[in-house]
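Residues 130 to 396 in the working numbering are what the sequence shown lists, from first letter to last.
Okay, so here's the structure we're looking at.
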Amino acid sequence: MTDIAIAIAGCTGRMGRALVDAVLAQEDAALTAATARPGTPAAGHPLRDGRGADTGVVVSDDPNALFAADVVIDFTEPESTAVHAQLAARTGTALVIGTTGLSRAQQEAIYAAGRQTPICQAANFSLGVNLLKALVARAAAALPESFDIEILEMHHRHKVDAPSGTALALGEAAAAARGADFEAVARRTRDGQVGPRPAGEIGFATLRGGDVAGEHAAIFAGPEERLELSHKAASRAIFARGAVTAAFWLADKSAGLYSMDDVLGLA
Ligand code: NAD
């Protein structure tokens, strides 16, 4: 079997470094290109793996360098992800997107690109969280509205978007299972004299600190009982491995916007 050529956008980031190691760990994948933010001092230098060994790839700051690969994996920032989606569409390259915190316009750019090239986008590439999403939907559908739904998340101090994309995805899954319009029922923050909790609301609480890779819980608080479903990521390697699994799965797909549910057969 021919190796699948994978390129990594944002290779110097926290997820980028985990992705480099995850791709190199695959015998039937070749890491063919890697980029970092335009103007980065890393550009032109050898890309090193987690143990400091030369990967044989030179870091580029030109996004076009990514799109000769079979699949590009992008865990960067919303602005650059929207640009990468346009380049993927233009070149017909498969794209795995893990970046979160996209604006509506940036998400529209992903939808448009997905009509021309295969894209797998997920707020969370771990097996456990995708199963958690399915379990949250099941619980939301089974429990009456007298059970209040709250989504709790904690991440490391460097995370820039809140609530996390995963927390929002869990809330969306719960709202959809209840037949509710997510934007109408979501309460992303609370502060001050907010009054009693309206029925049907889906609340979010965001914690930040230390080096927490990602923790999520969905709480169903009902009369005299409470159900809690939770997931804890011990390291970023689980997201990186999931993204590489998605890259292999995506490589022979036709144009379309896919999710990790599709990759894992949970759809
Ligand atoms: P980070 O800040 O450590 O890394 C982002 C990297 O992107 C930086 O190194 C930055 O230089 C680089 N970058 C910015 N613009 C670029 C460009 N135009 N070209 C190439 N590189 C560029 O952040 P992180 O912790 O690695 O997270 C990255 C994203 O992935 C965030 O949106 C985060 O929420 C998301 N994330 C998703 C999952 C998931 O499973 N979907 C898991 C963890 C993190």
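Glycine included, each C-beta is placed from N, C-alpha and C at the ideal position.
Bear in mind that the values here come from a model prediction, so they are computed numbers and not experimental data.
Inter-residue spacing [alpha-carbon to alpha-carbon] between Thr318 and Gly371 = 30 Å
For Ala375, is the classification buried or exposed, using 16 other Cβ atoms within 10 angstroms of its Cβ as the cut-off for buried?
-> buried
Would you mind working out which of Thr205, Ala242 and Gly321 sits nearest Thr220, comparing C-alpha positions?
-> With distances taken between Cα atoms, Thr220 lies closest to Ala242.
Within 8 Å, strictly: CB atoms of Thr141 and Thr169 | yes
Give a yes or no on whether 8 Å exceeds the smallest Cβ distance from Val314 to chain B.
-> Reference to chain B is not applicable here, since this structure consists of a single protein chain.
For Glu279, the three-state DSSP class (helix, strand or coil) = strand
Indicate, with yes or no, if the ligand NAD has a heavy atom lying under 7 Å from the CB of Arg286.
-> no
Close beta carbons around Arg337, own chain, < 8 Å, minus the five adjacent residues each side = Met283, His284, His285, Arg286, Lys288 and Ala291
Can you tell me whether DSSP reads Pro192 as helix, strand or coil?
-> helix
With respect to the beta strand (DSSP E) encompassing Phe349, which residues constitute its N-terminal and C-terminal limits?
-> Glu344 to Gly351
Looking at the unbroken beta strand (DSSP E) that takes in Arg337, where does it start and where does it end?
-> Ile331 to Arg337
According to the neighbour-count rule (16 or more other Cβ atoms, all chains shown, within 10 Å of its Cβ), is Ser383 buried or exposed?
-> That one is exposed.
According to DSSP, what are the bridge partners of Thr169?
-> Thr169 pairs with nothing; no bridge assigned.
Which residues mark the beginning and the end of the beta strand (DSSP E) in which Pro247 is found?
-> Pro247 to Gln250
Ignoring anything shorter than 3 residues or poking outside the stretch 131 to 171, list the beta strand (DSSP E) runs there in chain order.
-> 133 to 138 and 158 to 164
Is the beta carbon of Ile137 sitting closer than 8 Å to the one on Leu148?
-> yes
Mind reading off the beta-carbon distance from Ala252 to Thr229? Whole number of angstroms is fine, and I expect it under 8 Å.
-> 5 Å
Whole-Å CB distance - Gly300 paired with Ile348, under 8 Å assumed = The Cβ separation is near 12 Å, so there is no contact.
Using a threshold of 8 Å, state whether the C-beta atoms of Ala303 and Val258 are closer than that.
-> no
Assuming Tyr240 contacts Leu386 under a Cβ cut-off of 8 Å, what Cβ separation, rounded to an integer in Å, is found between them?
-> 6 Å
Whole-angstrom C-beta distance between Phe377 and Phe254, which should lie under 8 Å | Wrong, their Cβ atoms sit about 13 Å apart, outside the cutoff.
Determine the direct distance from the alpha carbon of Leu260 to that of Ala268, and round the result to whole angstroms.
-> 12 Å
So, helix, strand or coil for Pro292, using DSSP?
-> coil
May I have the straight-line CA-CA distance separating Arg166 from Arg143, to the nearest angstrom?
-> In this structure, the alpha-carbon of Arg166 lies about 13 Å from that of Arg143.
Alpha carbon to alpha carbon, what distance is there between Asp320 and Ser364?
-> 32 Å
What residues are listed by DSSP as bridge partners for Pro175?
-> Val187
Determine the extent of the alpha helix (DSSP H) in which Ser359 is found, giving its start and end residues.
-> It is not in any alpha helix (DSSP H) - Ser359 instead sits in the beta strand (DSSP E) that spans Glu354 to Lys361.
Give the straight-line distance between the Cα atoms of Pro192 and Ala271, rounded to the nearest whole angstrom.
-> 46 Å
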